[in-house]
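In the working numbering, the protein residues as written are 81 to 482.
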């Protein structure tokens, strides 16, 4: 007989995100004015394309947030598309060192100006925010420059490859009164948000452990290992769900494709309240897997990002305490009684593109002066965890403080 699947709604308390200090938004006058845009008559090897007329969308052009996207490689086009399609933003510039990529951007979005030099964007006082989708090693310099000239920043994950650099960016953003948000896109996944709501409502009880598997065959990178590339997603999810950062990390990894760059990493993070989070990360696996198992003392659940129609399943299963004076359980029936087998609930979760939600959130934070869900300080805790994982790998699995 098939097990019965039953869906039910779970009430969730609402809460407003915290506001930035002093509520300073994009129009704050305490910042130094941006210098005028430099002359575009540059060297022949520099590509500059500037349409005569900028596109105006929405009922009030002056209310639009003007965006510059730096990086048009693998992820940048998705950011360009999302901000281009928003009624409250205009993609004014796209910057990339590859002229071929810029030509592709111009072909699809003829109203967007393009350039091979990021300084053009930094010097343009009409730009409100800079979106950075470049290699991790370049994040710090670009974000620091943008914050220094008074622009809001959305930078792809991880925020930097070094926690000291991440701390500096957080400090600069706070001093400037500007938004510093990091693209931990899975936090904006509807399924991940639903699990957060279940945890906030106490539906799962005390969390025992979380097991996270993120594998695929490629893409294989040469600048960072699998942990820095992929585990940042899972650490950000775990931190978001548990509402805190890990205390320690232990990990082992293997390098087979490129020497010194781990293709697979197995890590364990210890969180407060004796919560364990186990990570299996690999870009050298035959199957694309995005699965999480969370076990609590009231219920358990699974999250499968590859299952778009039913990403979350809640299991009304748990081990109940068996009190007996005997030194052992004297029958199979008594043993079975210690395990609770209940319904499997498949909550109805509205489909939505996480990146769209992320981009909308960034614009809302700029307009309302609110602190992002994945602000700089939250991203800093992810970098610290990744650094501890890296130290543990180099130390043959020794447990490292985060």
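A virtual CB, placed ideally from N, CA and C, is assigned to each residue, including glycine.
Would you mind reading off the limits of the alpha helix (DSSP H) that contains residue i?
i           : result
residue 162 : 156-165
residue 314 : 312-322
residue 534 : Residue 534 lies beyond the residue range present for the chain, which begins at 81 and ends at 482; the question has no answer from this structure.
residue 168 : No alpha helix (DSSP H) holds residue 168; DSSP gives it neither H nor E.
residue 464 : 456-474
residue 272 : 270-280
So the beta strand (DSSP E) residue i belongs to, where does it begin and stop?
i           : result
residue 234 : 232-236
residue 358 : 355-362
residue 438 : No beta strand (DSSP E) contains residue 438, which is instead part of the alpha helix (DSSP H) from 434-448.
residue 350 : 344-351
residue 381 : 380-384
residue 148 : 145-150
residue 329 : 328-334
residue 397 : 392-399
For residue i, count neighbouring Cβ atoms within 10 angstroms of its own Cβ and tell me buried if that reaches 16, exposed if not.
i           : result
residue 400 : exposed
residue 431 : exposed
residue 428 : exposed
residue 292 : buried
residue 354 : exposed
residue 165 : exposed
residue 258 : buried
residue 362 : buried
residue 557 : Nothing can be reported for residue 557, as the shown portion of the chain is limited to 81 through 482.
residue 199 : exposed
residue 278 : buried
residue 448 : exposed
residue 299 : exposed
residue 297 : exposed
Inspect the beta-carbon positions of residue i and residue j and report whether they are closer than 7 Å.
i           : j           : result
residue 194 : residue 185 : yes
residue 455 : residue 482 : no
residue 237 : residue 335 : no
residue 294 : residue 370 : yes
residue 375 : residue 268 : no
residue 318 : residue 290 : yes
residue 473 : residue 340 : no
residue 227 : residue 256 : yes
residue 209 : residue 174 : no
residue 316 : residue 274 : no
residue 422 : residue 384 : no
residue 271 : residue 378 : no
residue 192 : residue 171 : yes
residue 241 : residue 214 : no
residue 158 : residue 453 : no
Where residue i and residue j are concerned, what is the direct C-alpha to C-alpha distance, given to the nearest angstrom?
i           : j           : result
residue 222 : residue 212 : 8 Å
residue 154 : residue 169 : 22 Å
residue 462 : residue 146 : 29 Å
residue 115 : residue 261 : Because residue 115 carries a pLDDT of 36, less than 50, the predicted location of this residue cannot be relied on, and the following value inherits that uncertainty. Distance between the alpha carbons of residue 115 and residue 261 is about 24 Å.
residue 137 : residue 440 : Note on residue 137: pLDDT 37, under 50, position unreliable in the model; no value is reported.
residue 348 : residue 266 : 20 Å
residue 196 : residue 325 : 38 Å
residue 105 : residue 181 : Because residue 105 carries a pLDDT of 37, less than 50, the predicted location of this residue cannot be relied on, and the following value inherits that uncertainty. Residue 105 and residue 181: Cα-Cα distance of roughly 33 Å.
residue 343 : residue 189 : 37 Å
residue 392 : residue 206 : 43 Å
residue 446 : residue 183 : 30 Å
residue 301 : residue 144 : 37 Å
residue 346 : residue 338 : 18 Å
residue 366 : residue 351 : 31 Å
residue 491 : residue 187 : Outside the shown range of the chain (81 to 482) lies residue 491, about which nothing can therefore be said.
residue 247 : residue 425 : 42 Å
residue 218 : residue 249 : 13 Å
residue 444 : residue 450 : 8 Å
residue 323 : residue 458 : 10 Å
residue 364 : residue 305 : 12 Å
residue 245 : residue 468 : 16 Å
residue 359 : residue 162 : 30 Å
residue 390 : residue 476 : 39 Å
residue 480 : residue 203 : 43 Å
For a cutoff of 7 Å on Cβ pairs, would you count residue i as touching chain C?
i           : result
residue 291 : Going by chain labels, chain C is absent from the structure shown, which holds only one protein chain.
Worksheet item: Can you give, in chain order, each stretch of the beta strand (DSSP E) that sits fully within the region 179-238 and has at least 3 residues?
Response: Segments of the beta strand (DSSP E) lying fully in the region 179-238: 193-195, 209-212 and 232-236.
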